[in-house]
Amino acid sequence: MAKHTQVKAQNQNGNSLQLTQHETDSPVLPVAQLEQLQAFRPDLVDWVRDQTESEAIARRARLAKLDIFIFVERIAGLLAGTLISCLGMGAAIFLAMNGQPAVAGVIGGGTLVGLVTVLVQGKNSAKPDE
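Per the numbering used here, the very first residue in the sequence shown carries number 1345; after that it's consecutive.
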């Protein structure tokens, strides 16, 4: 993916400054340098191209594995959160049915507060950094 950043500034005297940056996550072969290499050692141009292709394949495989790990981590977090909240509410119900309404209220209320906190923080932290 490519990222393009441009910043402009101007002072009170009318002087201005502009900064432009463009970055990409894939290797871009410099054409001018490849032409110079072609004139010097034509056999290395194919080698550089092959190495760039091999690196791109390895990078894509690594990113695919990373995506799988992130997915598994998120699903495990959801399952753990569900289990903990169900155990907390189950304990609160059990205590309420066995004559401990105050303790059941504290445990049930704590479980609900924890769930709401996680949901609110999860929505705020899911925003991408720009």
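Yeah, the Cβ is synthetic: ideal placement off N, Cα and C, and Gly gets one too.
In this text the structure is predicted, and so the values were computed from the model without any measurement.
Classified as exposed, Thr1349 has fewer than 16 neighbouring CB atoms from the shown chains inside 10 Å of its CB. Annotated three-state conformation of Leu1373 is coil, per DSSP. In this structure Leu1378 is in contact with Val1389, their Cβ atoms being roughly 6 Å apart against a cut-off of 8 Å.
Going by DSSP, Gly1434 is part of the alpha helix (DSSP H) stretching over 1386–1441. With a cutoff of 8 Å on beta-carbon distance, Val1392 and Leu1373 are scored as near each other. Ranked by Cα distance from Glu1367, the first of Ala1420, Leu1381, Lys1347 is Lys1347.
Its chain contains Gln1362 as the residues whose beta carbon lies nearer than 6 Å to that of Lys1352, once the 5 sequence neighbours on both sides are disregarded; these appear in chain order.
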